[in-house]
Structures are given as C-alpha cells and as structure tokens.
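This report concerns only the one structure given below.
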Amino acid sequence: MTGPASALDTPWDSPPSATDLIEEAMRWHFDERTGSPFWLERAKSLHFDPLTDVRTVDDLTLFPNNVDDLRDTRIEDLIPRGYGEVKDLAVPPVVGESGGTTGAPKRVFALPDVVEQSWAWYHHRLVEHGIADGDSWLGVMPAGPHMAGILARDTAARFGSVFFTVDLDPRWAKRCMARGAVDELRGYVTHIIDQVEWVLRSQAIGVMVITPPLIEALCAREHLVELVNQKVNTIIFGGTSMDEDTRGLLRSEVFPEVDMVSIFGSTMIFCAMPERPGTTAGHPPIFDPPSPFAMFSVIDPATRRPVAYGERGQVLTHHITRNLFLPNNLDRDTGIRHPHRHGYPGDAVSEFAPVKEFGDTAVIEGVY
Numbered sequence: 002m003t004g005p006a007s008a009l010d011t012p013w014d015s016p017p018s019a020t021d022l023i024e025e026a027m028r029w030h031f032d033e034r035t036g037s038p039f040w041l042e043r044a045k046s047l048h049f050d051p052l053t054d055v056r057t058v059d060d061l062t063l064f065p066n067n068v069d070d071l072r073d074t075r076i077e078d079l080i081p082r083g084y085g086e087v088k089d090l091a092v093p094p095v096v097g098e099s100g101g102t103t104g105a106p107k108r109v110f111a112l113p114d115v116v117e118q119s120w121a122w123y124h125h126r127l128v129e130h131g132i133a134d135g136d137s138w139l140g141v142m143p144a145g146p147h148m149a150g151i152l153a154r155d156t157a158a159r160f161g162s163v164f165f166t167v168d169l170d171p172r173w174a175k176r177c178m179a180r181g182a183v184d185e186l187r188g189y190v191t192h193i194i195d196q197v198e199w200v201l202r203s204q205a206i207g208v209m210v211i212t213p214p215l216i217e218a219l220c221a222r223e224h225l226v227e228l229v230n231q232k233v234n235t236i237i238f239g240g241t242s243m244d245e246d247t248r249g250l251l252r253s254e255v256f257p258e259v260d261m262v263s264i265f266g267s268t269m270i271f272c273a274m275p276e277r278p279g280t281t282a283g284h285p286p287i288f289d290p291p292s293p294f295a296m297f298s299v300i301d302p303a304t305r306r307p308v309a310y311g312e313r314g315q316v317l318t319h320h321i322t323r324n325l326f327l328p329n330n331l332d333r334d335t336g337i338r339h340p341h342r343h344g345y346p347g348d349a350v351s352e353f354a355p356v357k358e359f360g361d362t363a364v365i366e367g368v369y
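Just so we're aligned, residue 2 is where the sequence shown starts under the numbering used here, counting upward by one.
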C-alpha cells in the first residue's frame, strides 16, 4: 500500500515533518493554478518568495499577520483554486466564525478533508480520556456560526451517542456585560441553566460539554449539582479560562465522581485540544496542538522571540492545511510555554488567559 501523495493529506495522528508540510503548503497555496485569490493577491506585496524562502517553522514568521483581513474577506476568496469552483463542490464548505470578542468576527472555512482530520484527531484525544461509546451527550456550547457546538454534535456522533443541545448566544452575553446590563445577563444565564435542568432531569446524560461560567451558575443550584453527580460521567469544559483553584474545588469537592476534561479551541486553527492526559491534582492542564498542522509559539510580544519554558508569553498560532493557510497569528491569549508532549515542532501551552486589551478593544470573555 502506498502512502499519501502529499504531506498535506497525511493523517493528523501520523504527522509528516514540519519541513515537508510547509514546503508542500507553499507549492499549493502560492501556485496560480491551486492557490486561493486571498493568498495569490497578498503574495504580490510580500518582500520574500514563499516558494523559495519558506521551509521551516521559523520562516513562517516572515508572513504578516493577515488574520484581521478575515473580518471582511469573502469566503470564496479563501478557497484554493485547486478545489475547483464552490458551486461544483460535492459538499459546501463549513464556515466558522470567531467569538467576536475583539470586534467584528473573523471567518474561516473547512472542506470535508480537513473537517474529517480535525474532528477525528479530537475524537481520538477524548478516547485517551476514557470517554465511552454510547453515553448520551448534552452540549451547552454556542452553535450557529461558532464551531464549538458543531464539534460537540459531530463528536457525539463518533461515539455513537444521542446528542442533546441548549441554545447559547455568547455574543449577546458579551454585549450585556459591555453595557453593564448585569440583571439582563443574569436572567439570560438563568434561562440557559433552566434548559440544562430540563434535559438532565429527563434524560440519561453521560457527557456534558459546557463553559466554565455556566458550570459555576449550575453549581448555584444544589439539587442540580446532585443530579450531575448522579448521572454524568464526564464534563468537558472550555471556551473561557478557569483558574486552578476553581478547577481543583470542582474536581475534588463539587463533582468528585465526575471526570473533568478541559479543552482549548480556536477557530483560527480549526481545532480543539483536550488537556494532556494524566494531569494530576494541583497541576494545571497542558494543551498539545496537532502539530505541524496547527502549532503554538509562546512569545514575548515585544521581541517576537519565544519565552523560556515555564514562563508566560503571548500565544502565536500557525494553521497549515490544504484548505487554509493562516501563519503568524498573534492570539488574544497568553499562556505558559511547555515542550510538546510528542516532541513535535512548536509549543504546548498551559494556563491560557486573555489579555485585557487586544489592539484597541477591551477583551470580554462573558459565558464563552
């Protein structure tokens, strides 16, 4: 049996070398026959030639950070010509938007090849945490333009599970916070938790996917905490930061019989990462990305150089797939730098926390 024709088509669980992937990506994304209108146009203003000058992870920092352009770019202009016309695609692209935390949302897309790779990689990481086939899932995550809810739904299907969901609009919650509408926000959260309770009371929920602020709201109802402990095997949580003291309290005292698995995800790298398995009590979770397809660097934003392992810096991301090339994206989060658990290029990160301001915009986490 022959292997894949290109590093770009290699399964994420058996990754190619970063050099092979980057060289293949440059040939694909910057060839007039296969590249996207977005990158072919931007290549005209670059001070280097991607086809000859970009071969390593460090070389990716030659690119400008174009991620803000995704707020206004037509999705059709992002799709590489090598896939053909959008109207001729067998399956239309999945469009995902950022949370809108730092202004108008940014948009990316994924076609079935990358959706399958990213979703399968995430499923395999949850299997490492002992999640079993068949347990019904409850998703209390944003769907619509947000990928978190879609990922939860599709992952539940991979486990052969029934999926229940609750509507969640994080942008409305952030807008309430921004204008100081505390009572309105409190009423909205009550509305969400009411719906969670209705499902938990009537259904055999084994896995619940939820955000940290909503876990805390749920904990205000003692009878609901008892219900979770009786029914739920695993709580998967993410979307906003959670400090280690709160995490420790939830794991040891509030939900002592429930496995709690934190995730970190980003639309701009089109993947979600469960925490590294085997994290012991008192230690923060560490997140290892699917390098080299999605990579982290933890840097000093002033020098753009990596901080030392164990030190906090701002997170820089790269996404390299056949669908999409998004290098050198300075994220709104900071984190602690660690080596990748498999020794792959780039960093692993723990203790994600948002910066207070990103550009000229105050960062509001809200409920997601």
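By construction, the Cβ of each residue, glycine as well, lies at the ideal position given by its N, Cα and C atoms.
* Under the assumption that Y189 contacts A174 (Cβ atoms under 8 angstroms), give the Cβ distance between them as a whole number of angstroms. => 6 angstroms
* **Buried/exposed call for Q315, threshold 16 Cβ in 10 Å** => buried
* **Coarse secondary structure for H320, derived from DSSP in three states** => strand
* Asked: Closest by CA to M269, which one among E245, S253 and L325?
  -> L325
* Asked: Since W122 contacts W13 with CB under 8 angstroms, what's their CB separation in whole angstroms?
  -> 4 angstroms
* Alpha carbon to alpha carbon, how far is V255 from L41? Give it in angstroms, no decimals. => 53 angstroms
* **Contact between the stretch 335–355 and the stretch 276–295 (3+ Cβ pairs under 8 angstroms)** => yes
* What's the C-alpha gap between P278 and I76? -> 36 angstroms
* Runs of alpha helix (DSSP H) wholly within the stretch 255–342 (minimum 4 residues, chain order) -> none
* Where A19 sits in the DSSP three-state scheme -> helix
* **Closest by C-alpha distance to K107, when choosing among F160, L47 and T74** => T74
* Asked: For P65 versus G36, is the C-beta distance shorter than 8 angstroms?
  -> no
* Sort P17, G131 and T11 by Cα distance to N234 and report the nearest one. => G131
* Buried or exposed: R248, going by 16 or more other Cβ atoms within 10 Å of its Cβ? -> buried
* Taking only the alpha-carbon atoms, compute the straight-line gap between H319 and V58 and give it to the nearest angstrom. => 9 angstroms
* Please list, in chain order, all residues of the same chain as I236 whose beta carbon is under 6 angstroms from its beta carbon, the five residues on each side excluded. => M209, V259 and M261
* Can you name the residues that DSSP bridges to P355? -> D334
* Asked: Rounded to whole angstroms, how far is the Cβ of T212 from the Cβ of G181, which I believe are closer than 8 angstroms?
  -> Not really, about 21 angstroms apart at Cβ, beyond 8 angstroms.
* Which listed residue (I194, D78, L228 and N230) has its alpha carbon closest to that of E433 -> Beyond the ends of the chain as shown, which are 2 and 369, falls residue 433; an answer cannot be given.
* To do: Can you grab the Cα-Cα spacing for the pair H339 / A105, in whole Å?
  => 32 angstroms
* Over what stretch of residues does the alpha helix (DSSP H) that includes V210 continue unbroken? -> From DSSP, V210 is part of no alpha helix (DSSP H) but of the beta strand (DSSP E) over I206 to I211.
* Could you spell out where the beta strand (DSSP E) holding E98 opens and where it closes? => V95 to E98
* To do: Kindly indicate which residue of V226, P17 and F31 has the alpha-carbon position closest to the one of G83.
  => F31
* On the premise that L112 lies in contact with V96, defined as a C-beta separation below 8 angstroms, what is that separation, rounded to the nearest angstrom? -> Contact doesn't hold; Cβ gap of about 11 angstroms is too wide.
* **K232 versus R222: straight-line alpha-carbon distance, rounded** => 16 angstroms
* Asked: Skipping 5 residues on each side, what residues in its chain have a beta carbon closer than 7 angstroms to that of S7?
  -> E25
* To do: Please state whether DSSP places A26 in a helix, a strand or coil.
  => helix
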